[in-house]
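Inspection log for the structure reproduced underneath, given as C-alpha cells.
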Amino acid sequence: MSRRSRAAVARSAIGDRWSVLLLGLLALVGGLVALATGFGLLGDFRAGQPLLDPATTNALGEHPNFARVVATALGVLLFVLGLVWAVRSLRPEPRPKVVGGEDDPALDTTALPMPAEPATSEPPGRSAVVRVVTAAATTLPGVAKATARLVGSDAAPALRLTLWLAPEAEVRAVCDGLEATVLAPARNALVVPALPAAVHLRLT
Amino acid sequence: MRVLLRVLSPLLALVVAAAGALLTIEVAAGWNASTDAGLILDWPEWRAALEERTWRSSGARWAAGGLAVVGLALVVIALAGRRQDIELTGPTPDVTVTTTPRALARLVRLRVAAADGVDRASVAASPRVVSVRARASGVAAEALLPVVRDRVDGVLAALRPARPPKVTVRVDAAPARPATPEASPEVRSEASRASQETP
Numbered sequence: 022m023s024r025r026s027r028a029a030v031a032r033s034a035i036g037d038r039w040s041v042l043l044l045g046l047l048a049l050v051g052g053l054v055a056l057a058t059g060f061g062l063l064g065d066f067r068a069g070q071p072l073l074d075p076a077t078t079n080a081l082g083e084h085p086n087f088a089r090v091v092a093t094a095l096g097v098l099l100f101v102l103g104l105v106w107a108v109r110s111l112r113p114e115p116r117p118k119v120v121g122g123e124d125d126p127a128l129d130t131t132a133l134p135m136p137a138e139p140a141t142s143e144p145p146g147r148s149a150v151v152r153v154v155t156a157a158a159t160t161l162p163g164v165a166k167a168t169a170r171l172v173g174s175d176a177a178p179a180l181r182l183t184l185w186l187a188p189e190a191e192v193r194a195v196c197d198g199l200e201a202t203v204l205a206p207a208r209n210a211l212v213v214p215a216l217p218a219a220v221h222l223r224l225t
Numbered sequence: 036m037r038v039l040l041r042v043l044s045p046l047l048a049l050v051v052a053a054a055g056a057l058l059t060i061e062v063a064a065g066w067n068a069s070t071d072a073g074l075i076l077d078w079p080e081w082r083a084a085l086e087e088r089t090w091r092s093s094g095a096r097w098a099a100g101g102l103a104v105v106g107l108a109l110v111v112i113a114l115a116g117r118r119q120d121i122e123l124t125g126p127t128p129d130v131t132v133t134t135t136p137r138a139l140a141r142l143v144r145l146r147v148a149a150a151d152g153v154d155r156a157s158v159a160a161s162p163r164v165v166s167v168r169a170r171a172s173g174v175a176a177e178a179l180l181p182v183v184r185d186r187v188d189g190v191l192a193a194l195r196p197a198r199p200p201k202v203t204v205r206v207d208a209a210p211a212r213p214a215t216p217e218a219s220p221e222v223r224s225e226a227s228r229a230s231q232e233t234p
C-alpha cells in the first residue's frame, strides 16, 4: 500500500478535524473551569466574585493602551486564523494538470480499450483520461458503473476510481483485472511512470 | 459525522473570523470615540451585566455548562469524522482498494442466506469485527454453525481485507412450532484474528 495511493482514497479532512477538535477542547476546558468556579471548587471567595472582576478592570485601566493593543492584536489574529481556516475548508480539491488532463487533445486514447457501445450518460467537460478510464473500468466483468477522477499534484498525479459491483461479482477478478485493463493503459496515455490508484468498491 | 464535520468546519471558521473582526472594530472605535457606546455591539451594557453577576449565579453556571457541552460535542464530531473504510489487499502496492462496511455486510449476508438450512441472516460489519447472526430452519443449529463459518471465511478470503476482522458467528435454532421462546438454544463461535489468518 503506497503512501500516494492511500492519499488518493479521499480528500483529507485532517485540517478540519484538528481545527474543530482544538476549538472543542478549548470550549470544553473553559466551560468546565467556569463550572468549577461557579460551584466553589476554586474557593468560596472566587465563586462570589463578579464575572468581570473589578480588580481586572482596574488593572487594565492602568495600562489602557497596552490593553487596547493586545485586544486589537488578538482580534486581528482571530480574524486571519478564521479566514485561513474557512478558505482551506471550502477550497475545492485541486486537480492535477497533466498531459491528457482537462483540455489536452493529445491524449492517446487508442491505447485504451473502448467499450462496445459508447456510454451515453457522459457529462460533458470531463478530462479525456477520466472518460476513457471510466469506460475501460466498466468493461471489467461484474462492474456496473464506474467513476474516476485525477487527484494529487501536477508532479505526482493519482487516480481515484469508484466501482459499483454487482453483488455476484468476483472481487478478486475485478482487482486483478484493473492493472491490465485500466491502469497500465492509463499510465501509457498520461505518459507518467507511476499512477497510484485508490479504488473504492461499492455494491449496486 | 464526516458530512457534519465538513459543514460545521467552515461555519465555525467564519464565527472565529467574525469574532476577531468585531473585537478589532470595537477596540479601534473605543480608542478614538469620546463616548463609551459601542459601534456595533452594546458592550457597555454587557460589561455592566458581567460586573453584577457572580460566578455562583445560575446564569453563569448555565452558560458554563452549555459551553462545556458544545465543546464536548465538537470534540466528538472531530474524533468521529474519520472514514470507516475497510481496506482490502490491492493487486499491486501502488493500488489501494477499499470498500464500505455496508458492502462487506451485504456480501456476507447474501452468501450466508444462500446456504441450505439458513432461514434468515443478519450481519453487522466494521473494519474490526464482522458479526453474523443466522437462524436455522430444518437443521440443527450446531450442524449449521461450521457451514455459516465457511461461508463467511469464503467471502473474506475473496476480499482479502488488509487487516482481517474478527468474525463472530451465532446460529439460532429454528423456533419450535408450539412456541417456547425461552427454550431457544443457541451456539456461538468466536475466532481470533490469529486463527483467521491461518485458515
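Residue numbers (my numbering), protein chains in the order written: chain A, 22 to 225; chain B, 36 to 234. Using N, Cα and C, we set each Cβ at its ideal position, and we do this for glycine too. From a predicted model like this one, the values you see are computed outputs, not experimental measurements.
Closest by C-alpha distance to residue i, when choosing among the options
i: leucine 111 of chain A; options: A/Arg208, A/Gly96, A/Val90 and A/Gly36; result: A/Gly36
i: leucine 114 of chain B; options: A/Leu99, A/Gly69 and A/Ala34; result: A/Ala34
i: alanine 48 of chain B; options: A/Val105, A/Leu49 and A/Arg67; result: A/Val105
i: threonine 168 of chain A; options: A/Ser174, A/Val150 and A/Ala176; result: A/Val150
i: arginine 181 of chain A; options: A/Arg89, A/Val154, A/Val195 and A/Ala194; result: A/Val154
i: leucine 145 of chain B; options: B/Glu80, B/Gly73, B/Pro196 and B/Ala156; result: B/Ala156
i: leucine 63 of chain A; options: B/Arg91, B/Trp78 and B/Asn67; result: B/Arg91
i: glutamate 200 of chain A; options: B/Pro162, B/Leu74, B/Asp77 and B/Val130; result: B/Val130
i: glycine 189 of chain B; options: B/Ala209, B/Leu139, B/Pro162 and B/Thr89; result: B/Leu139
i: tryptophan 39 of chain A; options: B/Pro79, B/Arg41, B/Ala52 and B/Ala54; result: B/Arg41
i: alanine 175 of chain B; options: B/Ala197, B/Ala208, B/Ser166 and B/Val182; result: B/Ala208
i: glutamate 122 of chain B; options: B/Val204, B/Leu194 and B/Leu39; result: B/Leu194
i: leucine 204 of chain A; options: B/Pro128, B/Arg118 and B/Val111; result: B/Pro128
i: valine 38 of chain B; options: A/Ser23, A/Arg32 and A/Val108; result: A/Arg32
i: alanine 169 of chain B; options: B/Arg117, B/Asp151 and B/Glu86; result: B/Asp151
i: valine 110 of chain B; options: A/Leu49, A/Ala76 and A/Arg208; result: A/Leu49
i: leucine 235 of chain B; options: A/Cys196, A/Val91 and A/Arg109; result: As displayed, chain B neither begins before 36 nor continues past 234, which places residue 235 of chain B out of reach and without an answer.
i: leucine 211 of chain A; options: A/Pro162, A/Arg152 and A/Trp185; result: A/Arg152
i: serine 23 of chain A; options: A/Ala179, A/Cys196 and A/Thr78; result: A/Ala179
i: tryptophan 185 of chain A; options: B/Asp120, B/Thr134 and B/Ala149; result: B/Thr134
Beta-carbon spacing of residue i, residue j below 8 Å
i: threonine 93 of chain A; j: alanine 165 of chain A; result: no
i: leucine 191 of chain B; j: leucine 99 of chain A; result: no
i: glycine 96 of chain A; j: valine 50 of chain B; result: no
i: valine 287 of chain B; j: proline 126 of chain B; result: Since the first and last residues shown for chain B are 36 and 234, residue 287 of chain B lies out of range.
i: leucine 171 of chain A; j: arginine 223 of chain A; result: no
i: valine 187 of chain B; j: valine 202 of chain B; result: yes
i: alanine 178 of chain B; j: threonine 124 of chain B; result: no
i: valine 147 of chain B; j: valine 132 of chain B; result: no
i: glycine 198 of chain A; j: alanine 29 of chain A; result: no
i: methionine 36 of chain B; j: glycine 116 of chain B; result: yes
i: tryptophan 19 of chain B; j: arginine 89 of chain A; result: This structure gives no information on residue 19 of chain B, because the portion of chain B shown stretches from 36 to 234.
i: glycine 55 of chain B; j: glycine 103 of chain A; result: yes
i: leucine 74 of chain B; j: alanine 84 of chain B; result: no
i: lysine 118 of chain A; j: aspartate 175 of chain A; result: yes
i: leucine 76 of chain B; j: valine 41 of chain A; result: no
Near the ligand NAP: residue i beta-carbon under 7 Å from a heavy atom
i: valine 153 of chain B; result: In the structure shown, the ligand NAP is absent, as is every other ligand, since no ligand is present at all.
Rounded distance between the beta-carbons of residue j and residue i, thought under 8 Å
i: aspartate 154 of chain B; j: serine 172 of chain B; result: 4 Å
i: arginine 25 of chain A; j: alanine 177 of chain A; result: 6 Å
i: leucine 72 of chain A; j: arginine 88 of chain B; result: 5 Å
i: valine 107 of chain A; j: alanine 52 of chain B; result: The residue you asked about is not valine; residue 107 of chain A is alanine in the sequence shown. Correct: roughly 6 Å between the Cβ atoms.
i: proline 136 of chain B; j: serine 161 of chain B; result: 5 Å
i: threonine 160 of chain A; j: histidine 221 of chain A; result: About 18 Å separates the two Cβ atoms, so there is no contact after all.
i: valine 204 of chain B; j: leucine 180 of chain B; result: 6 Å
Exercise. Below 8 Å, can you find three or more Cβ-Cβ pairs linking the region 210-218 of chain A to the region 185-193 of chain A?
Worked result: With the cut-off at 8 Å, the region 210-218 of chain A and the region 185-193 of chain A do not touch.
Problem set entry | Residues of the region 177-193 of chain B whose Cβ lies closer than 8 Å to any Cβ of chain A, in chain order | Answer in chain order: Ala193.
For this session: Check distances from the C-beta atoms of the region 126-154 of chain B to those of chain A and list, in chain order, the residues that come in under 9 Å.
Result: For the region 126-154 of chain B, residues whose beta-carbon sits nearer than 9 Å to a beta-carbon of chain A comprise Pro126, Thr127, Pro128, Asp129, Val130, Thr131, Val132, Thr133, Thr134, Thr135, Arg137, Ala138, Arg141, Leu142 and Leu145.
Problem set entry | At least three beta-carbon pairs within less than 8 Å, the region 54-61 of chain A to the region 95-109 of chain B | With the cut-off at 8 Å, the region 54-61 of chain A and the region 95-109 of chain B touch.
Exercise. Hey, is the region 100-110 of chain B in contact with the region 37-50 of chain A, meaning 3+ C-beta pairs nearer than 8 Å?
Worked result: Touching, yes, given that three or more Cβ pairs across the two stretches are closer than 8 Å.
Problem set entry | Interface positions of the region 109-125 of chain B facing chain A (Cβ-Cβ less than 9 Å), listed along the chain | Answer in chain order: Leu109, Val110, Val111, Ile112, Ala113, Leu114, Gly116, Arg117, Arg118, Asp120, Glu122, Leu123, Thr124 and Gly125.
For this session: Identify each residue in the region 45-63 of chain B for which the Cβ-Cβ distance to at least one residue of chain A is less than 9 Å, and report them in chain order.
Result: Answer set for the region 45-63 of chain B: Pro45, Leu46, Leu47, Ala48, Leu49, Val50, Val51, Ala52, Ala53, Ala54, Gly55, Ala56, Leu57, Leu58, Thr59, Ile60, Glu61, Val62 and Ala63.
Problem set entry | Near-chain B residues of the region 149-180 of chain A (beta-carbon distance less than 7 Å), N- to C-terminal order | Here the close residues number zero.
Exercise. Closer than 7 Å, Cβ to any Cβ of chain A: which residues of the region 156-170 of chain B, in chain order?
Worked result: Residues of the region 156-170 of chain B with a C-beta less than 7 Å from any C-beta of chain A: none at all.
Exercise. Of the residues that make up the region 77-98 of chain B, which ones have a beta carbon closer than 7 Å to any beta carbon in chain A?
Worked result: Correct list: Arg82, Leu85, Glu86, Glu87, Arg88, Thr89, Trp90, Arg91, Ala95 and Arg96.
For this session: Anything in the region 201-217 of chain A with a Cβ closer than 9 Å to a Cβ of chain B? List those residues in chain order, please.
Result: Of all residues in the region 201-217 of chain A, only Leu204, Ala215, Leu216 and Pro217 come within less than 9 Å of chain B when Cβ atoms are compared, listed by chain position.
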